[in-house]
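Structure first, commentary second.
Protein chains: 2
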Amino acid sequence: MSLPAVAKFLFPVAFLLLASPSMTSAQEKTSSATGRPVNAERLRQSLEKLSEFGRNPDGGVTRLGFSEADMAAREYVMGLMRAAGLIVRVDPAGNIFGHREGTEKLPVLLFGSHIDSVLHGGNFDGDVGSMGAIEVMRALNDNHVTTRHPLEAVIWTNEEGNHFGLGTFGSSAASGKFGPEVLARRGDDGLTLADWLRRYGQDPARFAEARIAPGALAGYLELHIEQGGVLDEAHIPIGVVQGIVGIRHWRCVATGFANHAGTTPMNRRQDALAAVARAALAVRDEVRAEPGRQVGTVGYMKIEPGSVNVIPGHVEFPVELRDLDAAKIERIWNRVEKRFAEIGKEENVDIHCALDDTDDPASSEPEFRAVIRKAAEEAGLATMDLPSGAGHDAMMMASITDIGMLFVRCKGGISHNPAESVEAGDVGVAIDVLGRFLELLAKG
Amino acid sequence: MSLPAVAKFLFPVAFLLLASPSMTSAQEKTSSATGRPVNAERLRQSLEKLSEFGRNPDGGVTRLGFSEADMAAREYVMGLMRAAGLIVRVDPAGNIFGHREGTEKLPVLLFGSHIDSVLHGGNFDGDVGSMGAIEVMRALNDNHVTTRHPLEAVIWTNEEGNHFGLGTFGSSAASGKFGPEVLARRGDDGLTLADWLRRYGQDPARFAEARIAPGALAGYLELHIEQGGVLDEAHIPIGVVQGIVGIRHWRCVATGFANHAGTTPMNRRQDALAAVARAALAVRDEVRAEPGRQVGTVGYMKIEPGSVNVIPGHVEFPVELRDLDAAKIERIWNRVEKRFAEIGKEENVDIHCALDDTDDPASSEPEFRAVIRKAAEEAGLATMDLPSGAGHDAMMMASITDIGMLFVRCKGGISHNPAESVEAGDVGVAIDVLGRFLELLAKG
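See below:
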């Protein structure tokens with residue numbers, strides 16, 4: 124699938140969503156009166172306006188979950204929802220829902236994303252799926268499309284886990300993973316979660332009510348930028364997400380003996396940093412030792428005493444493994460642990476690890492995948508199946524309903540960075556596919 | 124050389140300096156009326172009393188250079204010098220000299236060490252050489268020994284470089300390495316060097332006068348604990364120091380690309396930390412690649428962004444190499460640089476290093492070494508030649524006079540640590556050798 128050269132998102136969001144030939148051709152291929160075509164200029168304006176909330180002077184955006192910039196952006200988004208005729212509701216976790224009635228009393232088909240960013244983030248992570256969800260609603264209205272299932276666009280609260288380190292906060296509350304016990308947690312801004320919910324106009328005492336009742340949803344769909352550069356490398360605009368990888372974190376500590384870097388002979392050292400250097404490379408080796416898309420990372424080392432002239436005696440480091448297959452994570456970790464034991468013995472350094480956090484893999488619903496592929500096919504688009512290496516709100520939703528996810532190509536896979544960039548044409552076709560999907564699934 | 128079991132220094136300094144059989148036998152072997160035997164109980168009392176200044180509640184001592192504890196300890200030491208009949212003088216850098224006249228107008232034979240410690244240091248690094256110098260003076264007096272050369276015991280200011288990171292501060296001023304330009308430097312306690320010198324009763328305007336005039340010294344001798352555990356492992360109480368190693372520091376920076384640890388495939392990473400892990404191990408490999416006592420250390424890594432779920436994009440790390448032979452340091456570094464270039468290429472990470480600091484190696488005077496060996500032989504002691512891997516005040520003195528150094532065995536080579544421990548018997552024989560050395564060199 125080759126697309127014509129189109130203007131790229133630049134800073135400030137130079138979003139020129141051109142009606143690309145491929146979109147036009149897609150329209151010609153089908154006679155159904157769906158929400159297509161999306162209104163390209165309207166979507167551009169929404170994303171452009173959203174990018175003003177928390178815009179960094181030097182590019183990108185800092186719109187942290189639970190911040191003044193986020194609050195202001197939420198007001199803007201709720202305004203868009205109301206203007207699109209949606210019934211807006213905010214749950215006690217701050218999640219925003221825009222409801223569109225269906226023709227029958229059926230479970231809701233939910234779709235959306237988040238609008239909070241990381242510190243010095245980009246303009247598309249979360250925003251594309253959020254504004255895309257609203258644009259789909261507007262396009263359905265424009266084309267007077269009705270659906271059997273009620274539709275809801277959702278903006279989840281604090282997906283990036285700012286202040287509190289609790290990622291996918293809103294969707295975790297909605298799925299019942301987080302209960303009221305988290306509310307006393309104090310963030311790095313000095314406020315508790317309860318404080319922030321009150322600022323967001325919510326009553327923390329009602330937090331448990333954010334949980335979505337079993338059976339209330341027909342499914343959850345999320346459109347998101349692809350953050351790995353896989354689609355970009357393969358020159359494919361749309362990815363069908365097979366599932367969201369499981370994530371395991373271990374916190375490891377290596378204990379050697381801090382000693383004088385000048386007087387301690389090489390053969391008498393218990394250098395914790397040398398041992399951890401070997402350990403980090405062993406993690407990479409073992410991850411690479413079998414085929415597949417699994418990844419493993421050592422993201423930091425905390426070194427003590429950390430002086431130029433002292434042999435490090437103590438190093439803390441994390442190991443993170445991710446894959447769609449929990450058994451594969453387990454298998455790799457078993458090999459890693461064995462290597463750590465060998466390294467510790469050879470280096471006379473004690474290495475111990477403890478499991479810190481686990482998110483199980485979440486598969487997307489095969490039927491949803493098939494429908495996404497069909498929708499893309501109708502639009503004349505090639506797709507590629509791939510896992511999501513990042514966690515998303517869809518991961519939380521997977522515990523209470525069927526999920527589907529589609530990725531839109533992102534330049535170089537760069538995200539969480541002001542340089543985050545997507546092609547306007549790609550966003551157009553992705554939202555087109557999202558609309559077709561909803562139509563196939565929910566239309567009466 | 125085997126010594127009988129003697130009481131060890133424990134916390135609080137459980138110093139039981141027993142007249143060991145080897146000391147007795149040493150006395151029997153010689154008929155010269157030197158300062159031997161040192162007064163073991165008097166030396167024990169001096170070290171015990173000194174250990175009270177800055178004593179940590181949980182062991183060891185924190186007697187930082189330029190601190191109230193150090194000031195109080197200096198008063199105590201000056202009192203001991205005066206009680207030993209020495210003429211006390213403090214130079215504008217705060218160095219304390221205790222002068223004992225010679226029978227002829229000859230250059231001074233200087234010997235001593237320092238009494239400041241690192242944070243949570245031990246009771247012997249510096250203290251043994253300082254109290255030992257005073258004990259030698261007292262023993263010479265007891266035995267009515269005169270010397271042709273005047274003798275001076277010296278206590279150098281802030282050898283450990285506390286607050287200011289300027290190690291061997293006092294001796295650097297005395298050797299002319301540090302001029303008045305350093306006085307404006309502000310330490311981590313918020314005060315400048317000039318402020319501290321004023322507190323120590325000195326006039327910073329006269330700082331340059333701390334420089335010792337060319338030809339004023341006949342030589343400098345220092346007794347110090349051996350901080351590498353080499354003597355301990357070899358079961359030899361006394362080491363003859365061949366010289367003080369040269370030290371080179373490079374500051375290196377590795378630049379990869381920070382990216383999402385979940386979404387970035389293993390083969391698309393530019394992981395700065397993985398590259399630096401390999402670099403640190405390459406340093407060790409190249410240091411080990413040739414025989415000798417050279418050492419190389421990577422003491423820390425500063426990792427950015429330093430998050431469990433982000434591939435590190437930027438790592439700063441130091442490389443320190445030490446050896447008696449500057450050419451060997453150069454040769455090893457050349458190999459290390461070549462390895463870094465290879466690793467950088469393979470990892471798609473840029474690694475650059477800049478030379479940060481250089482101290483050239485300082486050889487001890489061969490004649491002094493021979494005299495130390497002879498003194499030890501007279502005392503019936505085996506010795507071992509070895510380099511000093513640590514910098515010492517003697518290193519600074521080497522630029523203005525001949526130096527000699529002897530090491531006393533230190534348990535496990537542990538120093539800069541409350542667990543620092545020496546055997547009383549070893550200290551006794553070391554001070555005995557120091558006295559014999561002075562006698563051989565300076566006696567009329």
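Note that the protein sequences, when read in sequence, are chains A and B. Using our numbering, the first residue of the first sequence is number 124, and each one after it goes up by one. Using our numbering, the first residue of the second sequence is number 124, and each one after it goes up by one. Note that the Cβ used here is the ideal one computed from N, Cα and C, for glycine as well.
* Which residues, in chain order, does the region 384-410 of chain A contribute to contact with chain B at a C-beta distance below 7 Å? -> Within the region 384-410 of chain A, the qualifying residues are Ala384, Gly385, Thr386, Thr387, Pro388, Met389, Arg391, Leu396, Ala397, Ala400, Arg401, Ala403, Leu404, Arg407, Val410.
* **Min CB distance Glu282 (chain B) to chain A below 8 Å** => Residue mapping note: residue 282 (chain B) aligns to position 159 of the second sequence, counting from 1. It does not: the Cβ of Glu282 (chain B) has no partner Cβ on chain A nearer than 8 Å.
* Asked: Is the CB of Glu151 (chain A) under 8 Å away from at least one CB in chain B?
  -> Within the first sequence, residue 151 (chain A) is the residue found at index 28, counting from 1. Any answer about Glu151 (chain A) is weak, because its pLDDT of 30 lies below 50 and its placement is not dependable; what the coordinates show is given next. It does not; no Cβ of chain B falls within 8 Å.
* For Asn264 (chain A), the three-state DSSP class (helix, strand or coil) -> As a position in the first sequence, residue 264 (chain A) is number 141, starting the count at 1. Three-state DSSP puts Asn264 (chain A) in a helix.
* To do: Helix, strand or coil for Asn432 (chain A), going by three-state DSSP, please let me know.
  => Your numbering for residue 432 (chain A) matches position 309 in the first sequence. Asn432 (chain A): coil per DSSP, three-state reduction.
* To do: Report the residue from A:Leu233, A:Ile238, A:Asp318 whose alpha carbon sits nearest the alpha carbon of Lys571 (chain A).
  => The requested residue 571 (chain A) does not occur in the structure, where chain A is confined to residues 124 to 567.
* To do: Would you please verify whether the beta carbon of Ala156 (chain A) is less than 8 Å from any beta carbon of chain B?
  => Translated into the one-based positions of the first sequence, residue 156 (chain A) becomes position 33. Note that Ala156 (chain A) has pLDDT 35, beneath the 50 cutoff, so the model's placement of it is unreliable and no number is given.
* **Under 9 Å by beta carbon: chain A residues contacting His372 (chain B)** => Along the second sequence, read from residue 1 onward, the residue named residue 372 (chain B) stands at position 249. Under the 9 Å cutoff, chain A gives Val431, Asn432.
* Asked: Across which residues does DSSP place Asn179 (chain A) in a beta bridge pair?
  -> Here the question's residue 179 (chain A) lines up with position 56 in the first sequence. Partner(s): none; Asn179 (chain A) has no beta bridge.
* Can you check whether the CB of Leu203 (chain A) is closer than 8 Å to the CB of Ser169 (chain A)? -> Within the first sequence, numbered from 1, the residue matching residue 169 (chain A) stands at position 46. Within the first sequence, numbered from 1, the residue matching residue 203 (chain A) stands at position 80. In this structure, Leu203 (chain A) lies closer than 8 Å to Ser169 (chain A) by Cβ.
* **Sub-8 Å separation of Val364 (chain A) and Val399 (chain A) beta-carbons** => On the first sequence, residue 364 (chain A) is found 241 positions in, with the first residue counted as 1. On the first sequence, residue 399 (chain A) is found 276 positions in, with the first residue counted as 1. Contact flag unset, no.
* **Sequence-distant residues of the same chain with beta carbon closer than 6 Å to Asn471 (chain A), five excluded per side** => As a working note, residue 471 (chain A) is residue 348 in the first sequence. Cβ neighbours of Asn471 (chain A) beyond the five flanking positions: Gln393.
* Just the C-alpha distance for Leu314 (chain A) and Ala331 (chain A), rounded to the nearest angstrom, thanks. => In the first sequence, counting from the first residue as 1, residue 314 (chain A) sits at position 191. In the first sequence, counting from the first residue as 1, residue 331 (chain A) sits at position 208. In this structure, the CA atom of Leu314 (chain A) is about 20 Å from the CA atom of Ala331 (chain A).
* To do: Return the CA-CA distance between Glu501 (chain B) and Leu563 (chain B), expressed in angstroms with no decimal places.
  => Here residue 501 (chain B) is taken as the residue at index 378 of the second sequence, counted from 1. Here residue 563 (chain B) is taken as the residue at index 440 of the second sequence, counted from 1. Roughly 11 Å separates the two Cα atoms.
* **In DSSP terms, what Lys425 (chain A) is bridged to** => Against the first sequence, residue 425 (chain A) aligns to sequence position 302. For Lys425 (chain A), DSSP records a beta bridge to A:Glu439.
* What does a CB cutoff of less than 7 Å around Gly449 (chain B) pick up in its chain, not counting 5 residues either side in sequence? -> As a working mapping, residue 449 (chain B) is identified with position 326 in the second sequence. Position check: residue 449 (chain B) holds Ala in this sequence, whereas Gly was assumed. Closer than 7 Å at the Cβ level, and outside the excluded window around Ala449 (chain B), lie Gly369, Asp483, Pro484.
* To do: Going by DSSP, name the residue or residues bridged to Trp570 (chain A).
  => Beyond the ends of chain A as shown, which are 124 and 567, falls residue 570 (chain A); an answer cannot be given.
* **Cα-Cα separation between Lys468 (chain A) and Ile335 (chain B), rounded to whole angstroms** => To locate residue 468 (chain A), count along the first sequence from 1; it is residue 345. To locate residue 335 (chain B), count along the second sequence from 1; it is residue 212. When rounded, the distance between both Cα atoms is 52 Å.
* To do: Report the rounded CA-to-CA distance for Gly558 (chain A) versus Ala395 (chain B), giving the unit in angstroms.
  => On the first sequence, residue 558 (chain A) is found 435 positions in, with the first residue counted as 1. On the second sequence, residue 395 (chain B) is found 272 positions in, with the first residue counted as 1. For Gly558 (chain A) and Ala395 (chain B), the distance between alpha carbons rounds to 42 Å.
* 8 Å Cβ cutoff, Ala517 (chain A) in contact with chain D -> In the displayed structure, chain D is absent; the protein chains listed are A and B.
* Contact set between Ile571 (chain B) and chain A, taken where Cβ atoms lie within less than 7 Å -> Past the edges of chain B, shown from 124 to 567, lies residue 571 (chain B), and the structure says nothing about it.
* Asked: Would a C-beta distance cut-off of 8 Å place Leu354 (chain A) and Gly366 (chain A) closer than the cut-off?
  -> Stepping through the first sequence from its first residue, residue 354 (chain A) is reached at position 231. Stepping through the first sequence from its first residue, residue 366 (chain A) is reached at position 243. No.
* Taking the alpha-carbon positions, what's the Asp259 (chain A) to Ile554 (chain A) distance? -> As a first step, residue 259 (chain A) must be located in the first sequence, where it is residue number 136. As a first step, residue 554 (chain A) must be located in the first sequence, where it is residue number 431. A small fix is needed here, since residue 259 (chain A) is Val in this sequence, not Asp. Rounded to whole angstroms, the gap between the alpha carbons of Val259 (chain A) and Ile554 (chain A) is 7 Å.
* Smallest Cα separation from Phe380 (chain A): which of B:Ala505, B:Gly535, B:Gly415, B:Asp508? -> Indexing the first sequence from 1 puts residue 380 (chain A) at position 257. It is B:Gly535.
* **Members of the region 322-355 of chain B that neighbour chain A once the beta carbon cut-off is set at 8 Å** => Glu349, Gln350, Gly351, Gly352, Val353
* Asked: With which residues is Ser294 (chain B) paired in a DSSP beta bridge?
  -> Locating residue 294 (chain B) in the second sequence gives position 171, counting from the first residue. None; Ser294 (chain B) has no bridge partner.
* Asked: How would you label Leu344 (chain B), buried or exposed, when you count the other beta carbons within 10 angstroms and need 16 or more for buried?
  -> Indexing the second sequence from 1 puts residue 344 (chain B) at position 221. Buried is the call here.
* Indicate whether at least one CB of chain B lies closer than 8 Å to the CB of Ala553 (chain A). => By one-based count along the first sequence, residue 553 (chain A) stands at place 430. Ala553 (chain A) does not count as touching chain B.
* Under a Cβ-count criterion, where at least 16 other Cβ atoms within 10 Å of its own Cβ denotes burial, should Glu457 (chain A) be classed as buried or exposed? -> Locating residue 457 (chain A) in the first sequence gives position 334, counting from the first residue. Checking the displayed sequence, the identity of residue 457 (chain A) turns out to be Asn instead of Glu. It is exposed - the Cβ of Asn457 (chain A) has fewer than 16 other Cβ atoms within 10 Å.
* Under 8 Å between C-beta atoms of Ser511 (chain B) and Met528 (chain B) -> For the purposes of this step, residue 511 (chain B) is identified with residue 388 of the second sequence, where counting begins at 1. For the purposes of this step, residue 528 (chain B) is identified with residue 405 of the second sequence, where counting begins at 1. The answer is yes: Cβ separation under 8 Å.
* Asked: Using DSSP with H/G/I as helix, E/B as strand and the rest coil, what is Asp311 (chain A)?
  -> Numbered from its first residue, the first sequence carries residue 311 (chain A) at position 188. Residue state, collapsed to three classes: coil.
* Asked: Just the Cα atoms here: how many angstroms apart are Pro144 (chain B) and Phe530 (chain B)?
  -> Counted from its first residue, the second sequence places residue 144 (chain B) at position 21. Counted from its first residue, the second sequence places residue 530 (chain B) at position 407. For Pro144 (chain B), the pLDDT reaches just 25, beneath the cut-off of 50, and the residue's location in the model is therefore unreliable, although a value from the coordinates is still provided. For Pro144 (chain B) and Phe530 (chain B), the distance between alpha carbons rounds to 21 Å.
* Report the rounded CA-to-CA distance for Val550 (chain A) versus Ala505 (chain A), giving the unit in angstroms. => For the purposes of this step, residue 550 (chain A) is identified with residue 427 of the first sequence, where counting begins at 1. For the purposes of this step, residue 505 (chain A) is identified with residue 382 of the first sequence, where counting begins at 1. Approximately 15 Å between the Cα atoms of the pair.
* Asked: Is it buried or exposed for Asn246 (chain A), if we count other Cβ within 10 angstroms and need 16 for buried?
  -> The residue you call residue 246 (chain A) lines up with position 123 of the first sequence. Answer is buried; the Cβ neighbour count reaches 16.
* How many Å lie between Gly338 (chain B) and Lys497 (chain B) at the Cα? -> Here residue 338 (chain B) refers to the residue found at position 215 of the second sequence. Here residue 497 (chain B) refers to the residue found at position 374 of the second sequence. Their Cα atoms are separated by approximately 26 Å.
* Asked: What do you reckon, are the CB atoms on Asn432 (chain A) and Gly422 (chain B) nearer than 8 Å?
  -> As a working mapping, residue 432 (chain A) is identified with position 309 in the first sequence. As a working mapping, residue 422 (chain B) is identified with position 299 in the second sequence. In this structure, Asn432 (chain A) places its C-beta atom within 8 Å of the C-beta atom of Gly422 (chain B).
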